[in-house]
Amino acid sequence: MNLISEKADTDVAIIGGGPAGSSMAAYLAKAGVKCTVFEGELFPRPHVGESLVPSSTRVFKDLDFLKTMEARRFPHKYGAAWTASGSAKVYEHGWEGLAEATIRFNERAQPGVDNEYTYHVDRGEFDNALLQHAHSFGAAVHEGVRVGRVDLADGQLPRVHYTIGGKALSSTAQIVVDASGRKTLLGNQLKLRIKDSVFDQYAIHTWFGGYDRNSWAKNDLQKNFIFVHFLPITNSWVWQIPITDDITSIGVVTERRNFAKSQASREAFFWECVDSRPEVGNKLRAATQLRPFTDEGNYSYAMSQIAGDRWVMVGDAGRFVDPIFSTGVSIALNSSRFAHGNILTALEKGNFTRSAFAGYESTIRRGTNNWYKFISVYYRLNALFTYFITDPRYRLDVLKLLQGDVYDEEEPQVLSEMRRMVLEVERDADHPWHQLLNDMTAEAFRPLF
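Quick note: to get our numbering, add 32 to the position in the sequence shown (first position is 1).
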C-alpha cells in the first residue's frame, strides 16, 4: 500500500532500534510504510535480557525471521528450571519452601507456535540482526543518532529533534513510536512515568566461560534450559542463561537495599551472593569471567498513558516489570505485533487520535498486568509457585503464562486461584506456609496506574 505522506519527512518515526523498535520497523516496512529508526548507539552492543519465551516465535514467523534465528545458531531453549538449596518437606497443603521445579514448553500446544523451543540469544548479535532485517524490508535505519525530545504540538505534525555528530537536526512524522527502552523518552518528557512502589530490584551480571552448567541438567534437553537459582537472601536469585556451548550469562538480582553503592563493593556483593549457594559459587569460581560486571537498576515502572495523539510507546518504553520470567523481549516484540495494526489503520484512515490506538493499549495493558500479578504472587510466596507448577490441575495453566500467552484474558483463572491461596495463607498463622510469606509484594495485587 502507498501510505507515504507528502508533508511529513517519514510516516512513522521510531525512537530506538532494540527489539521493540526493530520489530515495529520490520512490520511497518514489510507493509509498505515509510518508517525511520533513530538509534542512539552503534550496533552491535551488549545488552541484558538474553532469554526469550515462546510467544516471541509468532513475531519471528510474521517477519520471516525464524530462518535468521536458526542460521545464527542461537541455543534452543526447551524449558526452564528453578532450584533452591536444602530439602523440601511435603505437607497436606503442598511444599514447605521452594522445591525444585522444571517445565518443558512442549507440554502445552501453543496456538501459532510450531516449535517446541524458543531461544537464548547474545543480545548484541540478536538486536543487530533484527535491526538489519527491518532495513532489508525498506526501513531507514540511523545509528549513532541521539533523540533529545519530540514536539507534539496540537494541530502540527510531531517533530523529532536529534543530534548527529554534535549537529542538531529534526524530522517530522505522521506518528512517533517511542521504543527507547528504559530511557522512556516520552514517558519522562510528558511526565507519565510511575515508579513502582513494590518492585525495586537491582542486578549485577556478566559472562563466564567454562562454567559447568551441564551438571544441573537431568537430561540433554535441560542443558540449555534457563536456570533460576534462589539464594538464601530475601527476594534474591541468580539467572543462568546459555549464550554459546561454552559461554554462560550469570546475573544476581536482589532488592535495592541489599545493593552496594560502589562498583568494587558491588562485585564483592556478587561473589558473596553466589557463594551463599556453594553449588553455584564453586562452579563460577572454577570458570573464567569474560566481561566486566554490569549493573542494572530502576527495574520496574509503569506509564499513566502509553498512547496519545500521534504517538505510541512500545516495549520497555511503556512498561517494565521484574525479569524473573524472561518477559522483556517478549513484551517488546508483542507490543509491535499488537500496535502495528492500529498504526496501519491510523495511516490509512487519517485518524491519529489516541482512540486509534485503543486496541493496542488495552491489549498490552492486560498482558503486562497479568505478568505483574504473576510475578507478584511468585515473590509473595515462592512455595505457591512450586505447588502450582507440580500440581497436574494447574500445571498447564501456569505453563501458558510462562509461554508468554498472557494477553487474551483479564485475569487467567490460575492467577485468581493463586491469589485466593495467598490470602488463605496470610489469614492463617498456623498454615505451614505462613512463615514463608515475603513482604515485598504484600500490597502488589493492583494496577500501577
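C-beta atoms are modelled at their ideal positions from N, C-alpha and C, and glycine is treated no differently.
Beta-carbon separation (whole angstroms), residue i vs residue j, contact threshold 8 angstroms
i	j	result
glycine 48	aspartate 159	Contact doesn't hold; Cβ gap of about 10 angstroms is too wide.
glycine 156	proline 76	4 angstroms
tyrosine 234	glycine 329	5 angstroms
alanine 390	alanine 378	With 8 angstroms as the limit, alanine 390 and alanine 378 do not qualify as a contact, their Cβ atoms being about 11 angstroms apart.
aspartate 348	alanine 334	The Cβ separation is near 11 angstroms, so there is no contact.
serine 83	isoleucine 279	So it is not a contact: roughly 14 angstroms between Cβ atoms.
glutamate 71	valine 209	Actually they are not in contact, since the Cβ atoms of glutamate 71 and valine 209 sit about 13 angstroms apart, beyond 8 angstroms.
Rounded C-alpha distance that separates residue i from residue j
i	j	result
asparagine 290	aspartate 307	15 angstroms
threonine 238	arginine 323	6 angstroms
isoleucine 275	valine 91	21 angstroms
glycine 219	aspartate 462	45 angstroms
lysine 315	phenylalanine 97	36 angstroms
isoleucine 236	serine 332	16 angstroms
arginine 136	alanine 112	7 angstroms
proline 310	alanine 319	14 angstroms
serine 268	glutamate 287	7 angstroms
valine 457	phenylalanine 257	31 angstroms
alanine 185	isoleucine 226	23 angstroms
leucine 163	lysine 99	15 angstroms
valine 145	histidine 261	28 angstroms
valine 446	lysine 109	24 angstroms
tyrosine 419	tyrosine 149	24 angstroms
glutamate 139	phenylalanine 357	17 angstroms
valine 454	alanine 116	21 angstroms
tyrosine 243	glycine 436	29 angstroms
phenylalanine 170	glycine 64	The residue asked about is misnamed: residue 170 is glycine in this sequence, not phenylalanine. Approximately 8 angstroms, taken between the alpha carbons.
Buried/exposed call for residue i, threshold 16 Cβ in 10 Å
i	result
serine 367	buried
alanine 103	exposed
valine 44	buried
glutamate 124	At glutamate 124, the pLDDT of 36 sits below 50, so the modelled position is not reliable and the matter cannot be decided from this model.
tryptophan 303	exposed
alanine 133	buried
proline 424	exposed
glutamine 188	exposed
asparagine 251	exposed
glycine 350	buried
aspartate 277	exposed
leucine 74	exposed
7 angstroms Cβ shell around residue i - same chain, five flanking residues per side excluded
i	result
valine 438	Gly399, Asn402, Trp403
histidine 372	Met56, Tyr59, Leu60
arginine 386	Ala339, Gly340, Asp341
isoleucine 407	Val353, Asp354, Ile356, Phe357
leucine 431	Ile135, Glu139, Arg140
Same chain, Cβ closer than 8 angstroms to residue i, five either side skipped, listed in chain order
i	result
histidine 193	Val179, Gly180, Arg181, Val182, Asp183, Ala200, Leu201, Ser202
aspartate 41	Thr68, Ser203, Thr204, Ala205
aspartate 460	His466
serine 305	The identity of residue 305 in the sequence shown is cysteine, whereas the question assumes serine. For cysteine 305, where only same-chain residues beyond five positions count, the Cβ hits under 8 angstroms are Leu263, Ile265, Ser268, Val270, Val284, Thr286.
serine 394	none
Own chain partners of residue i with C-beta closer than 6 angstroms, once the 5 adjacent residues on each side are dropped
i	result
lysine 255	Asn246, Ala249
arginine 342	Pro190, Ile207, Phe384
glycine 360	Gly81
tryptophan 114	Ala133, Val260
proline 107	His152, Asn256, Pro274
Beta-bridge partners of residue i, as assigned by DSSP
i	result
phenylalanine 259	Ala113, Gln272
glutamate 71	Glu175
glycine 283	His237, Trp271
serine 83	His152
methionine 345	Asp210
leucine 204	It is worth fixing the name first, because residue 204 is threonine in this sequence and not leucine. DSSP output for threonine 204 lists Arg191 as bridge partner(s).
methionine 335	Arg225
aspartate 327	Ile236
histidine 108	Tyr151
isoleucine 196	Lys199
isoleucine 47	Phe70, Asp210
threonine 134	Ala113
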